[in-house]
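Numbering (full-length UniProt numbering), first residue to last: 1 to 407.
Yeah, the Cβ is synthetic: ideal placement off N, Cα and C, and Gly gets one too.
Written out as C-alpha coordinates, the structure reads:
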(Lines of atoms letter the chains of each structure in order from A; the text may use other names.)
(Lines give C-alpha, C1' and ligand atoms only; values in the text may rest on other atoms or scores of the structure.)
Protein backbone atom coordinates (compact mmCIF):
# COMPACT_ATOMS: atom_id res chain seq x y z
CA UNK A 1 0.00 0.00 0.00
CA UNK A 2 1.48 3.30 -1.07
CA UNK A 3 0.13 6.01 1.21
CA UNK A 4 0.35 9.57 -0.12
CA UNK A 5 -0.08 12.62 2.11
CA UNK A 6 -1.07 15.94 0.60
CA UNK A 7 -2.37 19.36 1.72
CA UNK A 8 -5.62 20.67 0.24
CA UNK A 9 -6.08 23.51 0.77
CA UNK A 10 -5.02 23.93 4.43
CA UNK A 11 -6.05 20.59 5.88
CA UNK A 12 -4.13 17.31 5.99
CA UNK A 13 -5.58 14.43 4.00
CA UNK A 14 -4.40 10.89 3.32
CA UNK A 15 -4.71 9.16 -0.03
CA UNK A 16 -4.25 5.43 -0.43
CA UNK A 17 -3.49 4.10 -3.89
CA UNK A 18 -3.60 0.43 -4.90
CA UNK A 19 -1.50 -0.49 -7.92
CA UNK A 20 -2.62 -3.41 -10.15
CA UNK A 21 0.25 -5.68 -11.14
CA UNK A 22 -1.36 -5.94 -14.58
CA UNK A 23 -0.40 -2.30 -15.23
CA UNK A 24 3.30 -3.12 -15.26
CA UNK A 25 5.38 -3.17 -18.41
CA UNK A 26 7.40 -6.35 -17.83
CA UNK A 27 10.85 -7.40 -19.05
CA UNK A 28 12.03 -10.77 -17.74
CA UNK A 29 9.05 -11.03 -15.38
CA UNK A 30 5.79 -12.95 -15.55
CA UNK A 31 2.45 -12.62 -13.81
CA UNK A 32 0.62 -15.75 -12.70
CA UNK A 33 -2.77 -16.26 -11.06
CA UNK A 34 -6.37 -16.21 -12.19
CA UNK A 35 -7.68 -13.10 -10.44
CA UNK A 36 -6.31 -9.84 -9.09
CA UNK A 37 -6.21 -11.06 -5.48
CA UNK A 38 -4.14 -14.16 -6.21
CA UNK A 39 -1.76 -12.84 -8.84
CA UNK A 40 1.98 -13.26 -8.27
CA UNK A 41 4.76 -11.35 -10.01
CA UNK A 42 8.05 -13.26 -10.33
CA UNK A 43 11.00 -13.84 -12.62
CA UNK A 44 10.07 -15.31 -15.98
CA UNK A 45 10.59 -19.05 -16.06
CA UNK A 46 13.29 -20.11 -18.50
CA UNK A 47 12.06 -21.17 -21.94
CA UNK A 48 13.60 -24.64 -21.98
CA UNK A 49 12.79 -25.29 -25.65
CA UNK A 50 14.50 -22.17 -27.03
CA UNK A 51 17.17 -23.07 -29.61
CA UNK A 52 16.46 -26.80 -29.47
CA UNK A 53 17.06 -29.30 -32.26
CA UNK A 54 14.33 -31.48 -30.73
CA UNK A 55 12.05 -30.81 -27.77
CA UNK A 56 9.35 -33.05 -26.32
CA UNK A 57 6.97 -31.28 -23.97
CA UNK A 58 4.66 -33.59 -22.02
CA UNK A 59 2.71 -30.76 -20.35
CA UNK A 60 -0.36 -30.71 -22.59
CA UNK A 61 -2.29 -32.67 -25.19
CA UNK A 62 -2.89 -36.37 -25.65
CA UNK A 63 0.17 -38.67 -25.51
CA UNK A 64 -0.68 -40.12 -28.93
CA UNK A 65 -0.56 -36.60 -30.42
CA UNK A 66 2.92 -35.74 -29.09
CA UNK A 67 4.86 -33.43 -31.41
CA UNK A 68 8.44 -32.22 -31.57
CA UNK A 69 8.15 -28.56 -30.51
CA UNK A 70 11.08 -27.62 -32.77
CA UNK A 71 9.37 -29.15 -35.82
CA UNK A 72 12.51 -30.99 -36.97
CA UNK A 73 11.51 -34.58 -36.19
CA UNK A 74 8.43 -36.72 -36.75
CA UNK A 75 6.99 -38.73 -33.86
CA UNK A 76 6.02 -42.19 -35.13
CA UNK A 77 4.55 -43.51 -31.89
CA UNK A 78 3.95 -42.13 -28.42
CA UNK A 79 2.44 -43.96 -25.46
CA UNK A 80 2.67 -42.87 -21.83
CA UNK A 81 0.46 -41.80 -18.93
CA UNK A 82 0.37 -38.03 -18.25
CA UNK A 83 1.05 -37.31 -14.57
CA UNK A 84 0.62 -33.92 -12.88
CA UNK A 85 1.54 -35.21 -9.40
CA UNK A 86 5.08 -36.55 -9.92
CA UNK A 87 6.79 -33.58 -11.54
CA UNK A 88 10.18 -31.88 -11.37
CA UNK A 89 10.17 -28.59 -13.32
CA UNK A 90 7.10 -29.15 -15.48
CA UNK A 91 3.39 -29.03 -14.79
CA UNK A 92 3.04 -32.56 -16.16
CA UNK A 93 5.44 -35.47 -16.67
CA UNK A 94 5.27 -38.64 -18.78
CA UNK A 95 4.94 -41.93 -16.90
CA UNK A 96 6.18 -45.07 -18.67
CA UNK A 97 5.40 -48.66 -17.76
CA UNK A 98 7.85 -50.95 -19.49
CA UNK A 99 7.61 -52.32 -23.02
CA UNK A 100 3.92 -51.42 -23.33
CA UNK A 101 4.83 -47.73 -23.53
CA UNK A 102 7.51 -45.55 -25.09
CA UNK A 103 8.23 -43.05 -27.86
CA UNK A 104 9.57 -43.65 -31.38
CA UNK A 105 11.10 -40.82 -33.41
CA UNK A 106 11.55 -41.20 -37.16
CA UNK A 107 15.06 -41.34 -38.57
CA UNK A 108 16.16 -38.02 -40.06
CA UNK A 109 18.96 -37.84 -42.64
CA UNK A 110 19.71 -34.21 -41.73
CA UNK A 111 19.20 -34.27 -37.95
CA UNK A 112 22.02 -34.26 -35.40
CA UNK A 113 20.28 -36.90 -33.30
CA UNK A 114 20.35 -39.56 -36.04
CA UNK A 115 23.38 -38.42 -38.05
CA UNK A 116 25.54 -40.93 -39.95
CA UNK A 117 28.41 -38.44 -40.19
CA UNK A 118 28.53 -36.42 -37.01
CA UNK A 119 30.73 -33.33 -37.32
CA UNK A 120 28.98 -30.85 -35.00
CA UNK A 121 28.79 -31.06 -31.23
CA UNK A 122 25.40 -31.45 -29.54
CA UNK A 123 23.87 -32.78 -26.35
CA UNK A 124 20.80 -34.65 -25.18
CA UNK A 125 19.14 -33.66 -21.91
CA UNK A 126 16.17 -34.89 -19.90
CA UNK A 127 14.98 -35.44 -16.33
CA UNK A 128 13.82 -38.82 -15.07
CA UNK A 129 12.47 -40.40 -11.89
CA UNK A 130 12.80 -44.21 -11.82
CA UNK A 131 9.80 -46.03 -10.41
CA UNK A 132 12.28 -48.18 -8.52
CA UNK A 133 16.06 -48.42 -8.63
CA UNK A 134 15.94 -50.65 -11.66
CA UNK A 135 18.48 -53.35 -12.40
CA UNK A 136 17.99 -53.12 -16.15
CA UNK A 137 16.04 -50.47 -18.04
CA UNK A 138 16.56 -48.79 -21.41
CA UNK A 139 16.08 -45.03 -21.32
CA UNK A 140 17.04 -44.21 -24.92
CA UNK A 141 18.36 -46.25 -27.85
CA UNK A 142 18.93 -46.47 -31.60
CA UNK A 143 20.40 -49.80 -32.69
CA UNK A 144 20.88 -51.47 -36.06
CA UNK A 145 21.74 -55.16 -36.44
CA UNK A 146 23.49 -56.56 -39.51
CA UNK A 147 25.80 -59.52 -40.15
CA UNK A 148 25.71 -60.40 -36.47
CA UNK A 149 27.00 -56.98 -35.38
CA UNK A 150 25.31 -54.10 -33.54
CA UNK A 151 25.66 -50.48 -34.62
CA UNK A 152 24.38 -47.43 -32.76
CA UNK A 153 24.08 -46.64 -29.08
CA UNK A 154 21.89 -46.85 -26.00
CA UNK A 155 21.64 -45.41 -22.49
CA UNK A 156 20.51 -47.80 -19.77
CA UNK A 157 20.03 -48.14 -16.06
CA UNK A 158 22.04 -51.22 -15.08
CA UNK A 159 22.96 -52.21 -11.53
CA UNK A 160 21.65 -48.89 -10.23
CA UNK A 161 23.95 -46.87 -12.51
CA UNK A 162 23.68 -45.15 -15.86
CA UNK A 163 25.53 -47.01 -18.60
CA UNK A 164 25.98 -45.82 -22.18
CA UNK A 165 27.24 -48.06 -24.97
CA UNK A 166 28.34 -46.77 -28.39
CA UNK A 167 28.60 -49.84 -30.61
CA UNK A 168 30.72 -49.60 -33.78
CA UNK A 169 29.96 -45.88 -33.73
CA UNK A 170 33.44 -44.76 -34.86
CA UNK A 171 34.83 -45.78 -38.28
CA UNK A 172 38.58 -45.74 -39.04
CA UNK A 173 40.49 -45.34 -42.30
CA UNK A 174 41.04 -49.10 -42.26
CA UNK A 175 37.24 -49.62 -42.34
CA UNK A 176 37.27 -50.89 -38.78
CA UNK A 177 34.58 -49.91 -36.30
CA UNK A 178 35.36 -48.89 -32.73
CA UNK A 179 33.11 -48.78 -29.66
CA UNK A 180 33.01 -46.75 -26.44
CA UNK A 181 31.43 -47.52 -23.07
CA UNK A 182 30.58 -45.17 -20.20
CA UNK A 183 29.43 -46.00 -16.66
CA UNK A 184 28.37 -43.28 -14.22
CA UNK A 185 30.51 -42.94 -11.11
CA UNK A 186 27.47 -42.53 -8.84
CA UNK A 187 24.48 -44.75 -8.18
CA UNK A 188 20.89 -43.67 -8.64
CA UNK A 189 18.70 -43.22 -5.57
CA UNK A 190 15.06 -44.04 -5.00
CA UNK A 191 12.42 -41.32 -5.11
CA UNK A 192 14.73 -38.70 -6.60
CA UNK A 193 14.55 -36.83 -9.88
CA UNK A 194 17.75 -36.92 -11.90
CA UNK A 195 18.94 -34.63 -14.69
CA UNK A 196 20.96 -36.25 -17.50
CA UNK A 197 23.17 -34.59 -20.11
CA UNK A 198 24.88 -36.65 -22.78
CA UNK A 199 27.39 -34.54 -24.71
CA UNK A 200 28.69 -35.56 -28.14
CA UNK A 201 32.00 -33.87 -28.99
CA UNK A 202 33.17 -35.07 -32.43
CA UNK A 203 36.12 -32.64 -32.55
CA UNK A 204 37.71 -34.36 -29.55
CA UNK A 205 36.21 -37.77 -30.47
CA UNK A 206 34.64 -38.08 -27.03
CA UNK A 207 31.34 -38.58 -25.22
CA UNK A 208 30.68 -37.05 -21.79
CA UNK A 209 27.90 -38.06 -19.39
CA UNK A 210 26.68 -35.55 -16.78
CA UNK A 211 24.37 -36.48 -13.92
CA UNK A 212 22.68 -33.78 -11.82
CA UNK A 213 25.04 -31.06 -13.01
CA UNK A 214 28.28 -32.97 -12.45
CA UNK A 215 30.47 -34.97 -14.80
CA UNK A 216 29.80 -38.64 -14.19
CA UNK A 217 31.67 -40.41 -17.00
CA UNK A 218 33.87 -39.59 -20.00
CA UNK A 219 35.29 -41.70 -22.82
CA UNK A 220 37.21 -40.86 -26.00
CA UNK A 221 38.72 -42.60 -29.01
CA UNK A 222 42.55 -42.38 -28.79
CA UNK A 223 44.22 -39.83 -31.07
CA UNK A 224 46.29 -42.66 -32.56
CA UNK A 225 43.17 -43.95 -34.31
CA UNK A 226 42.56 -42.29 -37.68
CA UNK A 227 38.81 -41.77 -37.80
CA UNK A 228 36.95 -41.01 -41.01
CA UNK A 229 33.42 -40.95 -39.64
CA UNK A 230 31.42 -40.80 -36.40
CA UNK A 231 27.76 -41.81 -36.43
CA UNK A 232 25.19 -44.47 -37.14
CA UNK A 233 25.54 -47.20 -39.78
CA UNK A 234 25.11 -45.97 -43.35
CA UNK A 235 22.10 -48.28 -43.87
CA UNK A 236 20.43 -47.52 -40.54
CA UNK A 237 16.95 -46.02 -40.89
CA UNK A 238 15.57 -47.40 -37.62
CA UNK A 239 13.66 -45.14 -35.25
CA UNK A 240 15.18 -43.42 -32.25
CA UNK A 241 13.50 -44.84 -29.15
CA UNK A 242 12.78 -43.31 -25.78
CA UNK A 243 11.77 -45.39 -22.73
CA UNK A 244 11.41 -48.60 -24.73
CA UNK A 245 11.90 -50.65 -21.55
CA UNK A 246 11.57 -48.32 -18.59
CA UNK A 247 9.32 -47.97 -15.56
CA UNK A 248 9.21 -44.41 -14.28
CA UNK A 249 8.73 -40.75 -15.14
CA UNK A 250 10.40 -38.38 -17.58
CA UNK A 251 10.34 -34.64 -18.33
CA UNK A 252 11.65 -32.21 -20.95
CA UNK A 253 13.43 -34.54 -23.37
CA UNK A 254 15.50 -32.32 -25.63
CA UNK A 255 18.40 -32.13 -28.06
CA UNK A 256 20.46 -28.95 -28.42
CA UNK A 257 23.33 -28.02 -30.75
CA UNK A 258 26.57 -26.86 -29.14
CA UNK A 259 28.17 -27.48 -25.77
CA UNK A 260 26.10 -27.69 -22.58
CA UNK A 261 26.51 -25.71 -19.37
CA UNK A 262 25.73 -28.46 -16.84
CA UNK A 263 25.61 -26.13 -13.84
CA UNK A 264 22.86 -23.93 -15.31
CA UNK A 265 21.02 -26.48 -17.45
CA UNK A 266 18.73 -27.43 -14.60
CA UNK A 267 17.84 -23.95 -13.36
CA UNK A 268 14.40 -22.38 -13.64
CA UNK A 269 15.50 -18.73 -13.70
CA UNK A 270 18.51 -16.71 -14.88
CA UNK A 271 21.28 -17.32 -12.33
CA UNK A 272 24.37 -15.35 -11.42
CA UNK A 273 27.46 -15.79 -13.60
CA UNK A 274 30.71 -15.66 -11.64
CA UNK A 275 33.89 -14.34 -13.31
CA UNK A 276 36.85 -16.16 -11.73
CA UNK A 277 39.33 -13.59 -13.08
CA UNK A 278 37.67 -10.47 -11.68
CA UNK A 279 35.99 -12.30 -8.76
CA UNK A 280 32.71 -10.59 -9.57
CA UNK A 281 29.28 -11.95 -10.39
CA UNK A 282 26.96 -10.76 -13.12
CA UNK A 283 23.22 -11.08 -12.69
CA UNK A 284 20.31 -10.67 -15.05
CA UNK A 285 17.46 -8.64 -13.56
CA UNK A 286 13.77 -8.88 -14.34
CA UNK A 287 12.20 -5.42 -14.43
CA UNK A 288 8.65 -4.13 -14.11
CA UNK A 289 7.74 -0.47 -14.64
CA UNK A 290 4.37 1.16 -14.06
CA UNK A 291 2.55 3.86 -16.01
CA UNK A 292 2.77 7.42 -14.72
CA UNK A 293 -0.05 8.02 -12.23
CA UNK A 294 -1.69 11.28 -11.16
CA UNK A 295 -2.59 11.93 -7.54
CA UNK A 296 -5.94 13.38 -6.58
CA UNK A 297 -4.43 16.60 -5.26
CA UNK A 298 -1.59 18.79 -6.46
CA UNK A 299 0.67 18.82 -3.38
CA UNK A 300 1.20 15.21 -2.32
CA UNK A 301 3.98 13.81 -0.16
CA UNK A 302 5.25 10.21 0.04
CA UNK A 303 4.68 8.61 3.44
CA UNK A 304 5.01 4.83 3.30
CA UNK A 305 4.65 1.78 1.11
CA UNK A 306 3.09 -1.56 1.99
CA UNK A 307 3.72 -4.73 0.03
CA UNK A 308 3.20 -8.45 0.25
CA UNK A 309 6.32 -10.25 -0.92
CA UNK A 310 8.54 -13.29 -0.50
CA UNK A 311 12.29 -12.77 -0.94
CA UNK A 312 14.28 -16.05 -0.66
CA UNK A 313 17.77 -15.98 0.81
CA UNK A 314 20.42 -14.56 -1.57
CA UNK A 315 17.78 -13.34 -4.04
CA UNK A 316 16.90 -9.66 -4.34
CA UNK A 317 13.85 -7.44 -4.68
CA UNK A 318 14.47 -3.75 -5.43
CA UNK A 319 11.83 -1.02 -5.38
CA UNK A 320 12.05 2.49 -6.85
CA UNK A 321 9.72 5.51 -6.97
CA UNK A 322 9.90 8.83 -8.76
CA UNK A 323 7.72 11.91 -8.44
CA UNK A 324 7.19 15.27 -10.13
CA UNK A 325 4.89 18.31 -9.84
CA UNK A 326 4.60 18.32 -13.65
CA UNK A 327 3.71 15.54 -16.13
CA UNK A 328 6.42 13.21 -17.48
CA UNK A 329 6.43 10.18 -19.77
CA UNK A 330 6.96 6.57 -18.55
CA UNK A 331 10.30 6.16 -20.34
CA UNK A 332 11.73 9.64 -19.74
CA UNK A 333 15.15 10.01 -18.12
CA UNK A 334 13.88 12.43 -15.50
CA UNK A 335 12.79 12.76 -12.77
CA UNK A 336 15.41 10.62 -11.03
CA UNK A 337 14.47 7.35 -9.37
CA UNK A 338 14.37 7.13 -5.58
CA UNK A 339 15.68 3.80 -4.30
CA UNK A 340 13.60 2.36 -1.44
CA UNK A 341 15.78 0.61 1.13
CA UNK A 342 14.58 -3.02 1.44
CA UNK A 343 17.79 -4.48 2.87
CA UNK A 344 16.22 -5.00 6.31
CA UNK A 345 12.81 -5.98 5.04
CA UNK A 346 12.14 -8.38 7.93
CA UNK A 347 12.28 -5.45 10.37
CA UNK A 348 9.28 -3.93 8.57
CA UNK A 349 7.06 -7.00 8.83
CA UNK A 350 3.51 -6.40 10.05
CA UNK A 351 1.79 -8.66 12.57
CA UNK A 352 -1.07 -9.92 10.48
CA UNK A 353 -3.15 -13.00 9.82
CA UNK A 354 -1.72 -12.86 6.31
CA UNK A 355 2.00 -13.69 6.09
CA UNK A 356 4.71 -11.69 4.32
CA UNK A 357 3.18 -8.21 4.59
CA UNK A 358 5.58 -5.32 5.11
CA UNK A 359 5.20 -1.60 5.84
CA UNK A 360 8.20 0.52 4.85
CA UNK A 361 8.37 4.20 5.93
CA UNK A 362 9.79 6.33 3.13
CA UNK A 363 11.32 9.18 5.14
CA UNK A 364 14.80 7.59 5.35
CA UNK A 365 14.93 6.85 1.60
CA UNK A 366 13.77 10.39 0.77
CA UNK A 367 16.36 12.02 3.06
CA UNK A 368 19.11 9.88 1.54
CA UNK A 369 17.95 10.77 -1.97
CA UNK A 370 17.92 14.50 -1.14
CA UNK A 371 21.18 14.35 0.80
CA UNK A 372 19.72 15.87 3.97
CA UNK A 373 19.76 14.84 7.63
CA UNK A 374 17.09 16.99 9.27
CA UNK A 375 13.58 15.67 9.73
CA UNK A 376 10.94 17.18 7.48
CA UNK A 377 7.40 16.14 6.67
CA UNK A 378 6.97 17.94 3.36
CA UNK A 379 9.68 16.36 1.23
CA UNK A 380 9.31 16.42 -2.56
CA UNK A 381 5.77 17.72 -3.18
CA UNK A 382 4.35 16.15 -6.34
CA UNK A 383 1.28 15.45 -8.47
CA UNK A 384 2.65 12.75 -10.81
CA UNK A 385 4.44 9.56 -9.81
CA UNK A 386 5.65 6.18 -11.05
CA UNK A 387 7.11 2.99 -9.54
CA UNK A 388 9.56 0.36 -10.72
CA UNK A 389 10.59 -3.03 -9.37
CA UNK A 390 13.62 -5.24 -10.08
CA UNK A 391 13.97 -8.98 -9.38
CA UNK A 392 17.11 -11.10 -9.12
CA UNK A 393 17.25 -14.85 -8.47
CA UNK A 394 19.51 -16.58 -5.98
CA UNK A 395 23.00 -17.53 -7.30
CA UNK A 396 21.83 -21.03 -8.29
CA UNK A 397 18.94 -19.70 -10.39
CA UNK A 398 16.39 -21.89 -8.60
CA UNK A 399 14.57 -19.33 -6.44
CA UNK A 400 12.85 -16.09 -7.40
CA UNK A 401 11.43 -13.25 -5.33
CA UNK A 402 7.65 -12.97 -5.50
CA UNK A 403 5.55 -9.84 -5.27
CA UNK A 404 2.18 -11.26 -4.40
CA UNK A 405 0.26 -8.04 -4.19
CA UNK A 406 1.25 -4.40 -4.36
CA UNK A 407 -1.14 -2.14 -2.46
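query	result
Can you give me the C-alpha to C-alpha distance between residue 288 and residue 24, rounded to a whole angstrom?	6 Å
On the CB-based measure, 16 or more other CB atoms within 10 Å of its CB, does residue 329 come out buried or exposed?	exposed
Less than 7 Å between the beta carbons of residue 251 and residue 93, yes or no?	yes
What are the start and end residues of the beta strand (DSSP E) that includes residue 43?	40 to 43
Kindly list the residues whose CB is nearer than 7 Å to the CB of residue 222, restricted to its own chain and excluding five residues on each side of it in sequence; keep chain order.	none
Assess, as a yes-or-no matter, whether the segment 48 to 62 is touched by the segment 97 to 117 under the definition of 3 or more beta carbon pairs within less than 8 Å.	yes
In chain order, what residues of the same chain lie with their CB nearer than 8 Å to the CB of residue 213, ignoring the 5 residues before and after it?	195, 262, 263, 265, 266
Can you tell me whether residue 23 is helix, strand or coil according to DSSP?	helix
Would you mind sorting residue 372 into buried or exposed? The rule is 16 or more other CB atoms within 10 Å of its CB.	exposed
Between which residues of its own chain and residue 243 is the CB-CB distance below 7 Å, once the five residues before and five after are set aside?	96, 101, 102, 103, 139, 250
To the nearest angstrom, report how far apart residue 349 and residue 45 are at their CA atoms.	28 Å
What does the alpha-carbon distance come out to for the pair residue 141 and residue 254?	14 Å
Could you please give me the residues that DSSP links to residue 154 through a beta bridge?	141, 165
Who are the near neighbours of residue 230 in its chain, counting only those whose CB is closer than 6 Å to its CB and skipping five residues on each side?	118, 170, 202
Starting from the Cα of residue 162, find the closest Cα among 172, 116, 204, 217 and give me that residue.	217
Rounding to the nearest angstrom, what Cα-Cα distance links residue 353 and residue 315 in this structure?	25 Å
Is residue 305 near residue 382, with beta carbons less than 7 Å apart?	no
Between which two residues does the alpha helix (DSSP H) holding residue 262 run?	262 to 265
Give me the Cβ distance between residue 210 and residue 197, rounded to the nearest whole Å; I'm assuming they're in contact under 8 Å.	4 Å
Of all the options 85, 42, 326, which has the alpha carbon lying nearest to the alpha carbon of residue 129?	85
Rounded to whole angstroms, what is the Cα-Cα separation between residue 462 and residue 183?	There is no way to answer for residue 462, as the model of the chain reaches only from 1 to 407.
Along the alpha helix (DSSP H) that carries residue 370, what are the first and last residues, could you check?	363 to 370
Are the segment 327 to 344 and the segment 353 to 371 in contact at 8 Å, needing three or more beta carbon pairs?	yes
Just tell me which of 355, 147, 188 has its CA closest to the CA of residue 168.	147
Using the three-state DSSP reduction, which class does residue 65 fall into: helix, strand or coil?	helix
Hey, which unbroken runs of the beta strand (DSSP E) at 3 residues or more fall wholly within the segment 176 to 244?	177 to 183, 194 to 201, 206 to 211, 214 to 220, 227 to 230
Residue 127 and residue 88: beta carbons closer than 7 Å?	yes
Could you round the C-beta distance between residue 286 and residue 29 to whole angstroms and report it? I think they count as a contact, below 8 Å.	4 Å
If distances are taken between C-alpha atoms only, which option among 331, 398, 52, 290 comes closest to residue 386?	290
Compare the beta carbon distance of residue 122 and residue 257 with 7 Å and say whether it is the shorter of the two.	yes
Report the option in 205, 355, 78 whose CA atom is closest to the CA atom of residue 220.	205
Measure the beta-carbon distance from residue 160 to residue 188 and round it to whole angstroms, keeping in mind my assumption that it falls under 8 Å.	5 Å
Within this structure, are the beta carbons of residue 52 and residue 70 separated by less than 7 Å?	yes
Would you mind reading off the limits of the beta strand (DSSP E) that contains residue 347?	No beta strand (DSSP E) holds residue 347; DSSP gives it neither H nor E.
Straight-line CA distance for residue 397 to residue 48?	14 Å
Going straight from the alpha carbon of residue 120 to that of residue 345, what length do you get?	50 Å
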